[in-house]
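FYI, the numbering for the sequence shown is -2 to 388, going by our numbering.
Here the structure is laid out as structure tokens; the discussion comes afterwards.
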Amino acid sequence: MVVLEKLQRYGPRHKTLVRAMVLCFVIYSLYFLGFNETYQSIDEHSHEVAQNDAIVQRSKLMSAGNRVFNWKPKVTSDDTSSKCQPQRKLVYLRLVETKCYTFGNILNRFGYHNGLTFVLPDTSRSAVFDFTEPLSETMIAPFNTHDYDLLVHFARYNHLLMHQLVPNARFITMIQEPSRQLRASFFFFKMQYRWKLRENFESQTFPTFVRDASKYYYTNEPYNWLMKNGQLFMLGLDHKDELDADKVKQRIGEIEYHFDLVMINEYFDESLILLKKIMCWSFEDILYMPHDAFEHSYTGISSETTRTVDQWSAADRRLYYHFNTTFWRKVEEYGDTFQQDLQTFRLLNANAIRACATKNPPHLCTLMATEEEDFVEEIRNHQQQLYGFLP
Ligand SMILES: *[C@@H]1O[C@H](CO)[C@@H](O)[C@H](O)[C@H]1NC(C)=O
């Protein structure tokens, strides 16, 4: 009932973002044509580094008062035989890795589309909590409500508070193979500028760092904290404990206990199928377009770099190894229909992307193409109107 009421309050507040679509596809086309030197433009901008920069300067595609998006909410599972109840409460412990914006779009879209309420950072436009410390109440935008459904933006793990903010939530996260994850973080925080790495090719700055990591890494610089075992750091392990095998093991055990799903970046579609099951969502809910520029920027990491990172971020390596194993166990438990559901989903997603590239794309495409920052701004404005802030 509460949900229905919320939906009514929200009404048809969606917007047409045809321009977003066009821009999006121009950008993707450029990637596919190989003009993917994202970094050159970032390079020209400045060497100034702030965490928001990394979310990339995006044009204001969502202008208020232009709301014609009208896609009927639908939160039903396709699996009519099962009697599961679609879940709306979710905490996604977001780590910097190459699909975090692609996945973020699915969650922003789900919440926005269903009129759900997000825990947001207390900053004007950022979608990033201060993650140098575990999430605390002072970091949260003080909307005048206690009725939160989703916490899905970058924040450092604090189980107690997250659990209090979103009671009865499913907890999920997504991890990535350590060298690829470290590279994503490295460029996300523009470490090549912070550390003044000068190479002919931007792509070479990462291997240069890895070859001599301890020379660049100082733990007293907050941004550096994610340059070693960054995944476990975000998941609550302090750096002082990362060489303590028992503490690492204990932390991994706690994550296994508290999290309903640890998705694996390298098996993204498979992860979504598992997510769909535990949330009792529909295929439509998990459709996606790629949103992570970093993923396209550079290909290939040498096996030498991978090996070196495995030693450097040994705790993260353990984390990844552990949850890759449990992941495939969950796939087995899913049962015989897993492969079939995966194929169905891939077909639906390919169809959706094709449909979105046509002249009159379905409305769903608008939300699928909306960038994180625009989404968050829209959600923030809406929640501000709806609840106001605490005095
Ligand atoms: C993850 O697990 C699968 C299945 O056991 C295995 O084939 C794959 O090599 C593993 N990946 C890594 C990077 O360990």
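C-beta atoms are modelled at their ideal positions from N, C-alpha and C, and glycine is treated no differently.
Since the structure is predicted, the reported quantities are computational estimates derived from the model, not experimental observations.
Any beta carbon from chain C within less than 8 Å of D257's own beta carbon?
No chain C appears in this structure, which consists of one protein chain only.
Which word fits Q228, buried or exposed, when buried means at least 16 other C-beta atoms lie within 10 angstroms of its C-beta?
Answer is buried; the Cβ neighbour count reaches 16.
Ligand 1 and E174: does the residue's C-beta get closer than 7 Å to at least one heavy atom of that ligand?
Ligand 1 approaches E174 closely enough that one of its heavy atoms is under 7 Å from the residue's Cβ.
With H, G and I counted as helix, E and B as strand and the rest as coil, what does DSSP make of I298?
DSSP, read as helix, strand or coil, puts I298 in coil.
DSSP three-state label for L132, please.
DSSP places L132 in coil when its eight states are reduced to three.
Grouping DSSP H, G and I as helix and E and B as strand, with all else coil, what is D371?
Of the three classes helix, strand and coil, the one that applies to D371 here is helix, per DSSP.
Proximity below 8 Å, CB of D313 to CB of P164
With respect to P164, D313 sits apart: the two C-beta atoms are not nearer than 8 Å.
So, is F195 buried or exposed, given that buried needs 16 or more other C-beta atoms within 10 angstroms?
It is worth fixing the name first, because residue 195 is Arg in this sequence and not Phe. Per the 10 Å Cβ criterion, exposed.
Given 7 Å as the limit, tell me if Y318 has its C-beta closer than that to any heavy atom belonging to ligand 1.
Short note on Y318: C-beta closer than 7 Å to some heavy atom of ligand 1.
Of the residues I249, H160, E218, K274, which one's Cα is nearest the Cα of S133?
Residue H160 is the option with its Cα nearest to S133.
Flag N321 as yes when its Cβ comes closer than 7 Å to any non-hydrogen atom of ligand 1, and as no otherwise.
In this structure, ligand 1 has a non-hydrogen atom nearer than 7 Å to the beta-carbon of N321.
Quick one: is W309 buried, meaning 16 or more other Cβ sit within 10 Å of its Cβ, or exposed?
Label assigned to W309: buried.
Strand pairing of T170, partner residues [DSSP]
Beta-bridge pairing links T170 to L90, V259.
In whole angstroms, what is the alpha-carbon distance linking I261 and F184?
Between the alpha carbons of I261 and F184 lies a distance of about 20 Å.
Report the residue from L104, K212, Y215, P83 whose alpha carbon sits nearest the alpha carbon of F151.
The residue with the shortest Cα to Cα distance from F151 is L104.
Start-to-end residues for the alpha helix (DSSP H) that takes in F265
Residue range 265 to 276 is occupied by the alpha helix (DSSP H) that includes F265.
Residue nearest to S123 in terms of C-alpha spacing, selected from R304, T305, F372
Residue nearest to S123 within the set R304, T305, F372 is F372 (criterion: CA-CA distance).
Whole-angstrom distance between R304 and A311, CA atom to CA atom
Rounded to whole angstroms, the gap between the alpha carbons of A311 and R304 is 10 Å.
C97, buried or exposed, once every other Cβ within 10 Å from all chains shown has been counted against 16:
With 16 or more other Cβ atoms within 10 Å, it is buried.
Give the DSSP bridge partners of P204, in chain order.
In DSSP, P204 forms no bridge with anything.
Would you mind giving the Cβ-Cβ distance between R180 and F203, rounded to the nearest angstrom? I have them listed as a contact below 8 Å.
That belief holds up - the Cβ atoms of R180 and F203 are roughly 5 Å apart, short of 8 Å.
When you measure from the CB of W325 to every non-hydrogen atom of ligand 1, does any distance come out below 7 Å?
Between ligand 1 and W325, a heavy atom-to-CB distance of less than 7 Å is present.
Would you please state the rounded distance, in angstroms, between the beta carbons of Y254 and I169? I believe it to be under 8 Å.
Separation of the CB atoms of Y254 and I169 is rounded to 14 Å, and the pair is thereby denied contact status at 8 Å.
Would you identify the three-state DSSP class for R377, choosing helix, strand or coil?
R377 carries a helical assignment under DSSP once its states are collapsed to helix, strand and coil.
Please work out which residues of its chain come closer than 6 Å, Cβ to Cβ, to P388, disregarding the five sequence neighbours upstream and downstream, and give them in chain order.
Same-chain partners within the cutoff: there are none.
Per DSSP, which residues does P139 bridge with? Please list them.
P139 is not bridged to any residue.
I believe R106 touches L364 by the beta-carbon criterion, under 8 Å. Please report the beta-carbon distance rounded to the nearest angstrom.
So it is a contact: roughly 5 Å between Cβ atoms.
When DSSP builds the beta bridges, which residues end up paired with L148?
The partner list for L148 (beta bridge, DSSP) reads V88.
Consult DSSP for R153 and reduce its assignment to one of helix, strand or coil.
When DSSP states are grouped into helix, strand and coil, R153 belongs to the strand group.
Confirm, please, whether the CB-CB distance from S182 to M224 is below 8 Å.
Yes. Within cutoff.
One question on the structure: do I275 and D289 come within less than 8 Å of each other, judged by their Cβ atoms?
In this structure, D289 does not lie closer than 8 Å to I275 by Cβ.
M188, enclosing alpha helix (DSSP H) - first and last residue
The continuous alpha helix (DSSP H) containing M188 extends over residues 188 to 191.
Does the beta-carbon of L87 have 16 or more other beta-carbons within 10 angstroms, so that it is buried, or is it exposed?
So L87 ends up on the buried side.
Please identify the residue among N141, P139, M171 whose C-alpha is closest to the C-alpha of V149.
In terms of Cα proximity to V149, the closest of N141, P139, M171 is M171.
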